[in-house]
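Reading through the structure tokens given below for one structure.
Numbering (this note's numbering), first residue to last: 3 to 184.
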């Protein structure tokens, strides 16, 4: 199937954003778990990702919707941090609470995205985002248990899933705004 240069550029950009998100997330998680001196720096860099997504979405969805998505994504990352801390400290109650809020946030993201683009199925996005969280949780649990080979395998799956999220977003944007992709 032929794709225009504009379509390819959009897909490359969204893939870059999603891959940067999982790479910085992985680095932040490792730094937290292994108490590395760059933990604060890695986490701060990770928290720039919502702003990167906001800037990418402004072109198509305007400032308010782009900012709303960035806020949801910031919440996603903040809750992920809380979950990792709770798991590291073997605090089952705090981990369960963070996990519940994390999945609720993913559902909110799916609902929001489908509300601004009818080509993005809420159910499909919800499934993708929940799978995304499941993979991250598996990576954290594998790292905490010292199952590093499994953690690397799970991260490879997360990379593939991040590109799938980017592809879904790209397809939806192209369908919603075909005038930009001729």
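We put the CB at the ideal spot given by N, CA and C, even for glycine.
In the DSSP assignment, find the unbroken alpha helix (DSSP H) run with residue i in it and report its ends.
i: residue 64; result: 51–90
i: residue 95; result: 94–118
i: residue 20; result: 7–35
i: residue 173; result: 150–178
i: residue 128; result: 124–147
i: residue 48; result: 41–48
Are the beta-carbon atoms of residue i and residue j separated by less than 8 Å?
i: residue 175; j: residue 27; result: no
i: residue 60; j: residue 70; result: no
i: residue 156; j: residue 131; result: no
i: residue 46; j: residue 33; result: no
i: residue 118; j: residue 104; result: no
i: residue 116; j: residue 110; result: no
i: residue 84; j: residue 100; result: yes
i: residue 163; j: residue 133; result: yes
i: residue 171; j: residue 16; result: yes
Which residue wins for smallest C-alpha separation from residue i, given the options the options?
i: residue 77; options: 89, 98, 48; result: 48
i: residue 108; options: 97, 128, 35; result: 128
i: residue 86; options: 125, 58, 7, 36; result: 36
i: residue 168; options: 8, 136, 14; result: 14
i: residue 120; options: 65, 177, 136; result: 177
i: residue 50; options: 147, 39, 20; result: 20
i: residue 137; options: 147, 158, 64, 17; result: 158
i: residue 180; options: 54, 66, 88, 62; result: 62
i: residue 89; options: 152, 142, 165; result: 142
i: residue 122; options: 22, 166, 65; result: 166
i: residue 135; options: 94, 54, 106; result: 106
Could you confirm whether any beta carbon from chain B is found closer than 8 Å to the beta carbon of residue i?
i: residue 30; result: Here chain B cannot be found, since the structure has a single protein chain.
Pull up the CB-CB distance for residue i and residue j, whole angstroms please, since I reckon it's below 8 Å.
i: residue 5; j: residue 160; result: Actually they do not touch by this definition, with Cβ atoms about 25 Å apart.
i: residue 183; j: residue 8; result: 5 Å
i: residue 185; j: residue 56; result: The requested residue 185 does not occur in the structure, where the chain is confined to residues 3 to 184.
i: residue 74; j: residue 114; result: 6 Å
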